[in-house]
Each structure stands twice: as C-alpha cells, then as structure tokens.
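Some notes on the structure that comes next.
Shown next, in the form of structure tokens:
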C-alpha cells in the first residue's frame, strides 16, 4: 500500500511539473505547439510503467480545469482534448519494462530504442486525440482552404512529431546523465539470464 501511495504522489508531482512546463510559451500561431509537459510524463511513464503513466497523464489533463487552461467548445470536445488526450500521453509506459531490462543488461542500444519508441508512442497517442478533436470540433478554423481533417492532421501531426522529438532528445540526455532515474529504488530487481 505504501508503494502505491508513493507512486501516486510521485505521479501527482510529475503532473504538476508537466502543467508548469506546458505554460511556457512554445506556440507558433494558434495551431502549432511543442508541449514541454510531455517530457516529465514520458520520463515518469518509462520509470514507473503504463498504469502510473496513464494516471499521471490523466491528472495533468485534470489540472487544466482549475487553472482555467482549457478551450471550451462543447463537453465532448473538452473530454477528448483534456481527459483522453492527456491520459494517452502515459502510453509511453508501454516501454518501461523493455527499458528496465535493457538497463539491467547494460544494453545501450536497447535502452535508447525503448526511450525513442516510448517518446514517440506517448506523444503520438496524445496528439491522435487532438487530431480527432481538431477534425470534429475545430474544423471551421481550418486555414488555406484545407479540409478540417487534413488541416488537423497536418497541425497536430507536426505538433506531435515535434513534441515527440524534443521529448526523446531530453529523455536521452537525462538517461545518459542519470540512468538510475529510470529505475525506482522501490522497484523489484530485474533478473537477467546471467544472474540466474
């Protein structure tokens, strides 16, 4: 029980850090952004796993409400853009176990691959929902004569890839500086073939 509480507290702190970083101005126009908040969510998800990553992403989305950091068109739009999208940022946690295994085996190539895939999956899973919301709810704002679907795909696709790239670069730098950051001290030791 104590371990669960610790993970929840850590996830809440990470979500607060994510919202703080999200407030730094990185927007170019009204449709393109690099979301710096994705960085701590990805690191936490790679450190703790899928369920804690999803929890932290969900809390990150919820924190937007009391801070008034939402754009409201309709209830379904808000649910998609702030609850579903941010929840899905935690899907980076799918690569937590491969990363921990790679660290236990001292396999740099596997570790870097897990970080790259985790960073991409988390960012693209999140921006998929922003694409859906952009297509369905923000279509009247499409520029340059593009259809709502194409405009949303271009803007959210570029934003998702840029966010993923920045997240991956920062996460790799942190991994190279402090690899133990990705192995919680309260986690179970991973047994490798050599240690059996």
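In the working numbering, the protein residues as written are 199 to 394.
Note that beta-carbon positions come from the ideal geometry of N, C-alpha and C, so glycine has one too.
Reduced DSSP category for residue i - H, G, I as helix; E, B as strand; rest coil
i, result
"residue 230", "strand"
"residue 267", "coil"
"residue 372", "helix"
"residue 208", "helix"
"residue 238", "helix"
"residue 254", "helix"
"residue 260", "helix"
Sub-8 Å separation of residue i and residue j beta-carbons
i, j, result
"residue 320", "residue 236", "yes"
"residue 312", "residue 297", "yes"
"residue 382", "residue 301", "no"
"residue 239", "residue 287", "yes"
"residue 154", "residue 329", "What the structure shows of the chain is the stretch from 199 to 394, and residue 154 is not part of that stretch, so it cannot be assessed."
Between the CA atoms of residue j and residue i - distance to the nearest angstrom
i, j, result
"residue 212", "residue 379", "13 Å"
"residue 232", "residue 207", "26 Å"
"residue 250", "residue 285", "10 Å"
"residue 261", "residue 234", "15 Å"
"residue 373", "residue 309", "9 Å"
"residue 367", "residue 344", "32 Å"
"residue 256", "residue 369", "21 Å"
Run of the alpha helix (DSSP H) containing residue i, from where it starts to where it stops
i, result
"residue 313", "306-335"
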